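Order-wise, the sequence lines are chains Z and P. The first sequence: position 47 = 47 (the numbering used here), numbered continuously. The second sequence: position 84 = 1084 (the numbering used here), numbered continuously.
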Amino acid sequence: MTTRTLTMLVAMGAAMSALASGGGDDDRDRRRDPVADRIYVEECGSCHVAYPPALLSRASWKAVVGRLATHFGVDASLEPAMGAEINAYLQARASLRDTVDGDGRTALRITETAWFRHEHRPGEHGLYRGVFEQASVGSPAKCDACHRGAAGGRYGEGEIRLP
Amino acid sequence: MRPTRSWLLVAALLAGPAWAERPADFLARFEAEARSQDASFAASASRGRQWFESRHGEDWSCSTCHTRDPARSGRHQVTGKAIEPMAPAANPQRLTSGRSVAKWFRRNCRDVLGRECSAAEKADVVAWLIDAGRSTGEGR
């Protein structure tokens, strides 16, 4: 492939992702954005679902990306070039509202946010106590245990299957 | 760096080398590196197997996530995500990318040993991965 063709393909990809974002600044629209960044999906998605960037604020993502060498008990360090690209992607697509934990501190986990806790409280959408401890789930980090479209960034109610 | 150039660099990195490497290349490389420190070193799959299954000062061994049989799928201990088999016999994508091999040894060795792995340790474990699942597909 020539450099020119490659440049064109990359430019087309960038244009398509700009279109896909629709310029919507509302968090609800942002949460529906497909998780499309290939580096993000490849690097972060190898250990867990590539979470939609709009589920955390810029401050939260900055805190997470800033300490990847000690990422919830696991070394998830990146090559500097990869880290910079992923940081830029997350900052551009982050939630516009602050995401904080129950004590008002910058949330480091999606599960700490008020939005997540509200949407996943027992009784909501048929959720029950202990659902995250089921053998087929194991952890609330495993979105795709119930959200069957999570790998493709789809979390619509039509694709929820509780174990 | 201008955005276009940075995209090109990233695209080139992701496209991966056209000269994809083979598992035996990694074995030869780590073995040669280990020999530069100990001329009598020879990689051993059985030593690699034992090392793979043992803990080295931290909470996890390699087999904690990858199981004792590298020809089988494993499971991430924190997130629960499935991990494809490590043995090239079961998963031909393994041990074909220098970037990937370097990245995962760097990260996982720090988790399992609290330090980077030596060339000798890498040579042994690569020998075990190449060997695993070759004849029966079962852990030996």
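A virtual CB, placed ideally from N, CA and C, is assigned to each residue, including glycine. Computed from a prediction, not measured in an experiment: that's the story for all the values here.
Rounded C-alpha distance that separates residue i from residue j
{"i": "residue 148 of chain Z", "j": "residue 49 of chain Z", "result": "11 Å"}
{"i": "residue 22 of chain Z", "j": "residue 130 of chain Z", "result": "Confidence in residue 22 of chain Z is poor, its pLDDT being 41 and thus under 50, which makes the residue's placement unreliable; the coordinate value appears in the next sentence. Going by the C-alpha atoms only, they are around 38 Å apart."}
{"i": "residue 105 of chain Z", "j": "residue 119 of chain Z", "result": "20 Å"}
{"i": "residue 1131 of chain P", "j": "residue 1100 of chain P", "result": "20 Å"}
{"i": "residue 1036 of chain P", "j": "residue 1115 of chain P", "result": "20 Å"}
{"i": "residue 1117 of chain P", "j": "residue 1108 of chain P", "result": "9 Å"}
{"i": "residue 1092 of chain P", "j": "residue 1062 of chain P", "result": "20 Å"}
{"i": "residue 100 of chain Z", "j": "residue 113 of chain Z", "result": "6 Å"}
{"i": "residue 1072 of chain P", "j": "residue 1134 of chain P", "result": "12 Å"}
{"i": "residue 128 of chain Z", "j": "residue 1089 of chain P", "result": "42 Å"}
{"i": "residue 152 of chain Z", "j": "residue 142 of chain Z", "result": "14 Å"}
{"i": "residue 69 of chain Z", "j": "residue 109 of chain Z", "result": "16 Å"}
{"i": "residue 24 of chain Z", "j": "residue 1113 of chain P", "result": "Interpretation of residue 24 of chain Z is limited by its pLDDT of 44, a score under 50 that renders its predicted location unreliable; no figure is taken from the coordinates."}
{"i": "residue 155 of chain Z", "j": "residue 79 of chain Z", "result": "30 Å"}
{"i": "residue 1074 of chain P", "j": "residue 1053 of chain P", "result": "13 Å"}
{"i": "residue 1137 of chain P", "j": "residue 1027 of chain P", "result": "For residue 1137 of chain P, the pLDDT reaches just 45, beneath the cut-off of 50, and the residue's location in the model is therefore unreliable, although a value from the coordinates is still provided. The straight-line gap from Cα to Cα measures roughly 21 Å."}
{"i": "residue 55 of chain Z", "j": "residue 117 of chain Z", "result": "12 Å"}
{"i": "residue 41 of chain Z", "j": "residue 1060 of chain P", "result": "26 Å"}
{"i": "residue 1143 of chain P", "j": "residue 145 of chain Z", "result": "The displayed coordinates of chain P run from 1001 to 1140. Any statement about residue 1143 of chain P would go beyond what the structure contains."}
{"i": "residue 1096 of chain P", "j": "residue 58 of chain Z", "result": "36 Å"}
{"i": "residue 1119 of chain P", "j": "residue 1129 of chain P", "result": "15 Å"}
{"i": "residue 1068 of chain P", "j": "residue 1083 of chain P", "result": "13 Å"}
{"i": "residue 126 of chain Z", "j": "residue 1029 of chain P", "result": "54 Å"}
{"i": "residue 111 of chain Z", "j": "residue 98 of chain Z", "result": "14 Å"}
{"i": "residue 1103 of chain P", "j": "residue 1051 of chain P", "result": "19 Å"}
{"i": "residue 121 of chain Z", "j": "residue 162 of chain Z", "result": "14 Å"}
Among the options, the one whose alpha carbon lies nearest that of residue i
{"i": "residue 1121 of chain P", "options": "P:1042, P:1020, P:1023 and P:1021", "result": "P:1042"}
{"i": "residue 90 of chain Z", "options": "Z:161, Z:152, Z:121 and Z:60", "result": "Z:60"}
{"i": "residue 115 of chain Z", "options": "Z:41, Z:132, Z:95 and Z:128", "result": "Z:95"}
{"i": "residue 1111 of chain P", "options": "P:1037, P:1034 and P:1058", "result": "P:1058"}
{"i": "residue 1033 of chain P", "options": "P:1050, P:1123 and P:1097", "result": "P:1123"}
{"i": "residue 124 of chain Z", "options": "Z:43, Z:160, Z:134 and Z:79", "result": "Z:160"}
{"i": "residue 38 of chain Z", "options": "Z:157, Z:56, Z:82 and Z:58", "result": "Z:82"}
{"i": "residue 139 of chain Z", "options": "P:1078, P:1048, P:1040 and P:1047", "result": "P:1078"}
{"i": "residue 135 of chain Z", "options": "P:1047, P:1044, P:1080 and P:1064", "result": "P:1080"}
{"i": "residue 1025 of chain P", "options": "P:1106, P:1125, P:1098 and P:1104", "result": "P:1098"}
Start-to-end residues for the alpha helix (DSSP H) that takes in residue i
{"i": "residue 1103 of chain P", "result": "1098-1113"}
{"i": "residue 1064 of chain P", "result": "1062-1066"}
{"i": "residue 60 of chain Z", "result": "58-65"}
{"i": "residue 1029 of chain P", "result": "1023-1035"}
{"i": "residue 44 of chain Z", "result": "38-44"}
{"i": "residue 118 of chain Z", "result": "114-119"}
{"i": "residue 1121 of chain P", "result": "1119-1131"}
{"i": "residue 1041 of chain P", "result": "No alpha helix (DSSP H) contains residue 1041 of chain P, which DSSP labels as neither H nor E."}
Per DSSP, cross-strand counterpart(s) of residue i
{"i": "residue 1082 of chain P", "result": "P:1075"}
{"i": "residue 74 of chain Z", "result": "Z:71"}
{"i": "residue 147 of chain Z", "result": "Z:160"}
{"i": "residue 100 of chain Z", "result": "Z:106"}
{"i": "residue 95 of chain Z", "result": "Z:57"}
Contacts that residue i makes with chain P (C-beta to C-beta distance below 9 Å)
{"i": "residue 48 of chain Z", "result": "1076, 1078, 1079, 1080 and 1081"}
Under 8 Å from the C-beta of residue i: neighbouring residues of chain P
{"i": "residue 75 of chain Z", "result": "1106, 1107, 1108, 1110 and 1111"}
{"i": "residue 63 of chain Z", "result": "By Cβ distance, chain P contributes nothing, its closest Cβ being about 18 Å from residue 63 of chain Z, past 8 Å."}
{"i": "residue 151 of chain Z", "result": "Chain P residues near residue 151 of chain Z: none, gap ~10 Å exceeds 8 Å."}
Residue i: contacting residues in chain P (beta-carbon distance under 7 Å)
{"i": "residue 107 of chain Z", "result": "Simply none; closest approach about 17 Å."}
{"i": "residue 72 of chain Z", "result": "1078"}
{"i": "residue 138 of chain Z", "result": "1080"}
{"i": "residue 59 of chain Z", "result": "The premise fails here: residue 59 of chain Z is roughly 23 Å from chain P at the closest Cβ pair, so nothing lies under 7 Å."}
Cutoff 7 Å: residue i Cβ touching any chain B Cβ
{"i": "residue 36 of chain Z", "result": "No chain B appears in the structure shown, which is made up of the protein chains Z and P."}
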